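Position 377 (the sequence shown) corresponds to 377 in the working numbering; numbering is contiguous.
A short write-up of the structure that comes next.
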Amino acid sequence: MPTLERLVPGQQIPYGGTRVAEVSADLAAAFRPGDGLIVVQETGDLLHVPASVQALVRAAVDAASDAFVALGSVADDRITEFYERFAAALEDDRGFAAIAAANAADVERARERGRSVTRLVLSDRMRADMVDGLRAWRDAPSGRGLVTDVVEHPGWRVEAVRDGLGVVGFVFEGRPNVFADATGVLRSGNTVVFRIGSDALGTAEAIVEHALDPALAASGLPGGAVSLVASPSRAAGWAMFSDPRLALAVARGSGSAVAQLGAVARQAGNAVSLHGTGGAWIVAGLGADPAAFGAAVFHSLDRKVCNTLNTCCVPAARAAELVPVFLDALERAGRRRGTNPKLHATGAARPHLPGSWFTDAVPISRADGEHLEPRAEPIDEADLGIEWEWEDSPEVSLTVTPSVDEAVDLFNRLSPRFGASVVSADPSERDRFFASVDAPFVGNGFTRWIDGQYALGKPELGLSNWEHGRLFGRSGILTGDAAYSVRLRVTQDDPDVGR
Numbered sequence: 001m002p003t004l005e006r007l008v009p010g011q012q013i014p015y016g017g018t019r020v021a022e023v024s025a026d027l028a029a030a031f032r033p034g035d036g037l038i039v040v041q042e043t044g045d046l047l048h049v050p051a052s053v054q055a056l057v058r059a060a061v062d063a064a065s066d067a068f069v070a071l072g073s074v075a076d077d078r079i080t081e082f083y084e085r086f087a088a089a090l091e092d093d094r095g096f097a098a099i100a101a102a103n104a105a106d107v108e109r110a111r112e113r114g115r116s117v118t119r120l121v122l123s124d125r126m127r128a129d130m131v132d133g134l135r136a137w138r139d140a141p142s143g144r145g146l147v148t149d150v151v152e153h154p155g156w157r158v159e160a161v162r163d164g165l166g167v168v169g170f171v172f173e174g175r176p177n178v179f180a181d182a183t184g185v186l187r188s189g190n191t192v193v194f195r196i197g198s199d200a201l202g203t204a205e206a207i208v209e210h211a212l213d214p215a216l217a218a219s220g221l222p223g224g225a226v227s228l229v230a231s232p233s234r235a236a237g238w239a240m241f242s243d244p245r246l247a248l249a250v251a252r253g254s255g256s257a258v259a260q261l262g263a264v265a266r267q268a269g270n271a272v273s274l275h276g277t278g279g280a281w282i283v284a285g286l287g288a289d290p291a292a293f294g295a296a297v298f299h300s301l302d303r304k305v306c307n308t309l310n311t312c313c314v315p316a317a318r319a320a321e322l323v324p325v326f327l328d329a330l331e332r333a334g335r336r337r338g339t340n341p342k343l344h345a346t347g348a349a350r351p352h353l354p355g356s357w358f359t360d361a362v363p364i365s366r367a368d369g370e371h372l373e374p375r376a377e378p379i380d381e382a383d384l385g386i387e388w389e390w391e392d393s394p395e396v397s398l399t400v401t402p403s404v405d406e407a408v409d410l411f412n413r414l415s416p417r418f419g420a421s422v423v424s425a426d427p428s429e430r431d432r433f434f435a436s437v438d439a440p441f442v443g444n445g446f447t448r449w450i451d452g453q454y455a456l457g458k459p460e461l462g463l464s465n466w467e468h469g470r471l472f473g474r475s476g477i478l479t480g481d482a483a484y485s486v487r488l489r490v491t492q493d494d495p496d497v498g499r
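Pasting the structure below:
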């Protein structure tokens with residue numbers, strides 16, 4: 001069968017059935033015989049995968065596929081032992097020193113490039129959460145072999161039995177804790193192949209060398225049960241997600257990168273779980289208690305992650321009272337981090353704000369250092385769904401709406417439909433909000449509760465929004481024990497049963 005040997009500038013590549021993309025001069029110059037070209041049918045993106053990257057990914061998926069078959073004969077207590085040994089290795093200060101040094105080097109390199117490091121720093125709290133998460137999987141029931149249903153027939157019966165799903169491919173941003181959390185898929189009898197963002201690759205390699213691989217070996221698990229694709233190239237993620245041997249492709253990170261990875265996986269026929277654009281909303285109800293509203297805002301802005309408050313809506317009838325409460329909570333959140341907050345206000349919100357917020361320049365902390373900026377800037381209502389990625393200065397949007405129903409409509413139309421909270425002392429108002437807001441995560445206070453380990457006691461692989469529709473048969477929190485399949489087993493007691 002002929003193979004693609006070269007590309008030429010301006011060469012037209014069909015996609016989507018009726019459209020064409022053109023090969024750029026840079027792509028043509030970089031392409032070599034043996035390389036791969038993935039044509040994203042949704043967008044026409046032309047993704048170059050060097051042969052060396054393809055080989056690296058193929059070897060990891062080969063090992064994971066072999067390990068999945070072998071894992072079927074491995075007793076659950078060996079998987080339990082793996083989690084304890086992995087946790088103990090992270091807890092041991094002597095072994096962890098090398099991991100901490102690698103993380104410090106990753107953080108320094110990221111800062112030199114002006115990259116955000118709020119999620120990259122392997123703090124004492126993150127380390128403790130990793131250990132706690134691994135021990136949670138240690139103590140969790142396996143689920144393998146669990147009979148979930150039985151149908152009795154004369155002389156025979158059918159049992160529905162839970163079992164492993166297969167190889168889980170996991171691409172995620174530079175957050176070292178996710179690396180440990182996602183090994184939770186082993187508890188359900190799966191294997192996993194990772195690709196981590198380049199910012200955290202050194203940290204991940206150190207975790208593999210000093211904690212994960214020794215734990216696998218000591219517990220007697222197949223070596224390919226957990227594999228890191230040690231490549232800084234984004235092409236490694238594309239190659240992994242285009243491998244049809246994956247049972248599930250999980251991606252988390254920035255919205256655009258996650259969407260592209262999802263498109264690659266879908267066209268390869270792989271099941272997908274995407275965890276991209278976040279940003280939670282808080283809506284003040286007509287029955288909002290001012291102190292409760294201020295507390296919800298303040299406690300939702302301790303750090304920037306996907307469940308941080310991003311957009312706040314205040315009903316016009318309560319604006320004179322509640323906007324000052326919102327501003328006070330926002331300023332307190334900035335002071336807690338030793339800096340000033342940044343506000344984006346719609347035209348409807350601006351009359352309720354002090355004019356000085358738009359004219360006075362203050363230091364705003366960005367990934368590349370402090371910048372003098374106005375504390376507040378105008379924003380179009382259509383941009384309320386933008387997720388602000390901030391470093392130390394809490395950054396949010398504010399609008400004032402005619403009613404709570406209008407705020408819900410804005411959320412349903414403009415947000416990624418992730419997390420929403422209505423602060424109200426009126427139970428009927430909270431019930432109405434839950435019924436009408438299109439989000440998987442809904443509360444009546446701070447938004448930072450949206451977390452698998454914090455809310456459910458289960459380390460998460462990621463949090464899904466409903467940007468592309470609701471999820472089939474599962475929560476928006478994807479955990480390791482949610483990745484399973486169901487087999488049917490028949491026991492025939494009467495040998496003369498026939499049809």
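Note that CB positions come from ideal geometry on N, CA and C, so glycine has one too.
A quick note: this is a predicted structure, and the numbers were derived from the prediction, not measured.
The residues V161, R162 and D163, in chain order, have a CB closer than 8 angstroms to that of G145 in the same chain once the five nearest residues on each side in sequence are set aside.
Look at the beta carbons and you see the segment 65-79 touching the segment 216-230: at least three pairs across the two are nearer than 8 angstroms. CA-to-CA, the gap between D181 and D496 works out to about 50 angstroms. A88 and T308 have their C-alpha atoms some 31 angstroms from each other. Counted as a single uninterrupted DSSP element, the stretch harbouring Y484 is not any alpha helix (DSSP H) but the beta strand (DSSP E) occupying residues Y484 to Q492. Shown here for V8: same chain residues with a beta carbon closer than 7 angstroms to its own, the five before and five after excluded, namely V23 and A28 in chain order. The criterion of a C-beta distance shorter than 8 angstroms is not satisfied by I79 and L46.
Residue range D124 to D139 is occupied by the alpha helix (DSSP H) that includes L134. Annotation: E391 to R366 spans about 6 angstroms, alpha carbon to alpha carbon.
Taking D494 as reference, the option from A25, R19, H153 and K304 with the minimal CA-CA separation is H153. Bridge pairing for R19: Y15 [DSSP].
Look at W357 here: in three-state DSSP terms it is helix.
Rounded to the nearest angstrom, the gap between the Cα atoms of A435 and D26 is 51 angstroms. By alpha-carbon distance to L274, the top candidate from P50, A136 and A259 is A259. Counting along the chain, the unbroken beta strand (DSSP E) around L372 starts and ends at G369 to P374. Going by C-alpha positions, S256 is about 38 angstroms away from D93. Annotation: the continuous alpha helix (DSSP H) that includes F411 extends over V404 to L414. When C-alpha distances from T3 are compared across V208, D35 and V400, the shortest belongs to D35.
In the DSSP assignment, R430 falls within the unbroken alpha helix (DSSP H) covering P427 to S436. The way I'd put it, the segment 425-432 doesn't touch the segment 371-378; fewer than three beta-carbon pairs between them come closer than 8 angstroms.
Between F86 and S300 a beta carbon distance of about 32 angstroms is seen, past the 8 angstroms cut, so the two are scored as non-contacting. Contact between the segment 278-290 and the segment 194-207 is absent: fewer than 3 CB-CB pairs across the two stretches fall below 8 angstroms. When DSSP reads this structure, K342 sits in a beta bridge with E395.
About 6 angstroms separates the Cβ atoms of F31 and R6, confirming a contact at the 8 angstroms cut-off. For H275, the uninterrupted beta strand (DSSP E) segment begins and ends at V272 to H275. In this structure, the straight-line span from the alpha carbon of F293 to that of G253 is close to 30 angstroms.
For F172, the enclosing beta strand (DSSP E) covers residues V167 to F172.
Taking V400 as the centre and dropping the five residues before and after it, the same chain places the C-beta of V314, A316, A319, A348, A349 and H352 closer than 7 angstroms to its C-beta, in chain order. DSSP lists T401 as the beta-bridge partner residues of P315. Between V423 and A296, the gap from beta carbon to beta carbon is short of 8 angstroms. Annotation: E108 to Q54 spans about 30 angstroms, alpha carbon to alpha carbon. Contact between R187 and D481 is confirmed by a C-beta separation of about 6 angstroms, below the 8 angstroms threshold. In this structure M1 is exposed. Its beta-carbon is surrounded by fewer than 16 other beta-carbon atoms within 10 angstroms. Going by DSSP, L37 is part of no alpha helix (DSSP H) but of the beta strand (DSSP E) stretching over G36 to V39. Judged by DSSP secondary structure, S227 falls within the beta strand (DSSP E) whose first and last residues are V226 to L228.
Judged by their CB atoms, F194 and S227 are nearer to each other than the 8 angstroms cut-off.
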